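Note sheet for the following structure.
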Ligand code: PGA
């Protein structure tokens, strides 16, 4: 894995956006995998700026998001769909039908998850997958487990993730307990992966992801099995990497 250490969150966000922009320029009908959370907000701000300046064009870009809470409608202000429109899609020239986010309100998730995978395949596979990492090492909502998952599937969220994400809700009881997420296999099938990490609370997870054993108890360690992963971290997140 290639690791780039930046001074702070803002520098990480600029570097990540430049990385994505360079890849987007290489290919028509680029397929971009996207993530939610606090970490990518700055990256999205920079992509919006580049799109406004006409440095990059989203008109033929196809996107697939990693995950969504189960039980939240796409118009709920804590849904990942809402987040994506607020923080990126409403501000760039993407065609809305090209932006895919797993649905949180399906009745038949077995069929839905297979269809989500099939949509990725029909689009030609993901050219670049953007990832954050949870403080417990999750990627997407692939929580620590006994085995690495493969395709898009539903998951029960762990207590630590529910606690981490409760900051966005009025109370911890409002945080959904289940989610739908691309699997570790779906992520590893992306041609290129970019993980962005900021803050001291992620330092241990990112160290173990890169240098620890490949272990489904640390889901991000699966990235060691991929041949083209870049990790952009800020100095706080790089605390253990530098030693
Ligand atoms: P965060 O979440 O960017 O809000 O820290 C990252 C993640 O849980 O993947």
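In the working numbering, the protein residues as written are 24 to 266. C-beta atoms are modelled at their ideal positions from N, C-alpha and C, and glycine is treated no differently. Here the structure is a predicted model, which means the values were calculated and not measured.
Complete runs of the beta strand (DSSP E) confined to the stretch 164 to 210 [at least 3 residues]: 176 to 179, 201 to 204
Residue 186 to residue 227 span [Cα, whole Å]: Within the chain shown, numbered from 1, the residue matching residue 186 stands at position 163. Within the chain shown, numbered from 1, the residue matching residue 227 stands at position 204. Note on geometry: alpha-carbon atoms of residue 186 and residue 227 lie some 18 angstroms from one another.
CB of residue 246 within 8 angstroms of CB of residue 151, strictly: Residue 246 sits at position 223 when you count from the first residue of the chain shown. Residue 151 sits at position 128 when you count from the first residue of the chain shown. Result no, Cβ atoms of residue 246 and residue 151 do not sit closer than 8 angstroms.
Proximity test, residue 270 beta-carbon vs the ligand PGA heavy atom, cut-off 7 angstroms: One cannot answer for residue 270 here, as it falls past the ends of the chain, which runs 24 to 266.
Same chain, Cβ closer than 7 angstroms to residue 110, neighbours up to 5 away in sequence not counted: Along the chain shown, read from residue 1 onward, the residue named residue 110 stands at position 87. Here the set comprises 64, 67.
Any beta strand (DSSP E) of 3 or more consecutive residues that is wholly inside the stretch 51 to 78: 54 to 57
Straight-line Cα distance separating residue 29 from residue 159: As a first step, residue 159 must be located in the chain shown, where it is residue number 136. As a first step, residue 29 must be located in the chain shown, where it is residue number 6. Their backbone Cα atoms lie some 22 angstroms apart in a straight line.
Exposure of residue 107, with buried meaning 16 or more beta-carbon neighbours within 10 Å: As a working note, residue 107 is residue 84 in the chain shown. With 16 or more Cβ atoms within 10 Å of its Cβ, residue 107 is classed as buried.
Start and end residues, beta strand (DSSP E) containing residue 129: Numbered from its first residue, the chain shown carries residue 129 at position 106. Following the DSSP letters along the chain, one finds residue 129 in no beta strand (DSSP E), marked with neither H nor E.
Alpha-carbon to alpha-carbon, residue 85 and residue 144: Mapped onto the chain shown, residue 144 falls at position 121. Mapped onto the chain shown, residue 85 falls at position 62. Residue 144 and residue 85 have their C-alpha atoms spaced approximately 12 angstroms apart.
Residue 127 Cβ short of 7 angstroms to the ligand PGA heavy atom set: Counting from one through the chain shown, the residue named residue 127 turns up at place 104. Checking the Cβ of residue 127 against the ligand PGA gives no.
Opposing strand residues paired with residue 123 [DSSP bridges]: For the purposes of this step, residue 123 is identified with residue 100 of the chain shown, where counting begins at 1. DSSP output for residue 123 lists 87 as bridge partner(s).
8 angstroms contact criterion, which residue 217 and residue 39 should meet: CB distance rounded: Stepping through the chain shown from its first residue, residue 217 is reached at position 194. Stepping through the chain shown from its first residue, residue 39 is reached at position 16. Their Cβ separation, rounded to whole angstroms, is 6 angstroms, which keeps residue 217 and residue 39 in contact under 8 angstroms.
Contact check, residue 93 vs residue 181, beta carbons under 8 angstroms: Counted from its first residue, the chain shown places residue 93 at position 70. Counted from its first residue, the chain shown places residue 181 at position 158. Contact: no.
Bridge partners - residue 253, DSSP secondary structure assignment: As a position in the chain shown, residue 253 is number 230, starting the count at 1. Paired residue(s): 25, 217.
Contact set for residue 230: own chain, Cβ-Cβ below 7 angstroms, skip 5 residues either direction: Sequence index remark: in the chain shown, residue 230 carries index 207 (1-based). Excluding sequence neighbours, residue 230 sits near 263, 264.
Three-way DSSP call (helix, strand, coil) for residue 263 in this model: For this step, residue 263 is matched to residue 240 along the chain shown. Looking at residue 263 - three-state DSSP - the assignment turns out to be coil, as it is neither helix nor strand.
Three-state secondary structure assigned by DSSP to residue 162: For the purposes of this step, residue 162 is taken as residue 139 along the chain shown, with counting starting at 1. Correct three-state label for residue 162: strand.
Sequence-distant residues of its chain with Cβ nearer than 8 angstroms to residue 74 (five each side left out): Position 51 of the chain shown, counted from the first residue, corresponds to residue 74. Answer for residue 74: 80, 81, 114, 115, 116, listed in chain order.
Whole-angstrom C-beta distance between residue 32 and residue 221, which should lie under 8 angstroms: As a first step, residue 221 is located in the chain shown; it is residue number 198 there, counting from the start. As a first step, residue 32 is located in the chain shown; it is residue number 9 there, counting from the start. Yes, they are in contact, since the Cβ atoms of residue 221 and residue 32 sit about 5 angstroms apart, within 8 angstroms.
Cut-off 6 angstroms between Cβ atoms - residues of its own chain near residue 213, not counting five sequence neighbours on either side: Position 190 of the chain shown, counted from the first residue, corresponds to residue 213. Here the set comprises 56, 149, 152.
Neighbour-count burial assignment, residue 130, 16 or more Cβ in a 10 Å radius: If you number the chain shown from 1, residue 130 lands on position 107. In summary, residue 130 is exposed, with fewer than 16 beta-carbon neighbours lying within 10 Å of its beta-carbon over all protein chains present.
Reduced DSSP category for residue 95 - H, G, I as helix; E, B as strand; rest coil: One-based indexing of the chain shown puts residue 95 at position 72. Residue 95: coil per DSSP, three-state reduction.
Contact test: residue 157 Cβ vs the ligand PGA heavy atom, cutoff 7 angstroms: By 1-based counting over the chain shown, the position of residue 157 is 134. Correct: residue 157 has its Cβ closer than 7 angstroms to the ligand PGA.
Between the CA atoms of residue 112 and residue 136 - distance to the nearest angstrom: As a working note, residue 136 is residue 113 in the chain shown. As a working note, residue 112 is residue 89 in the chain shown. Cα to Cα, the separation comes out at about 23 angstroms.
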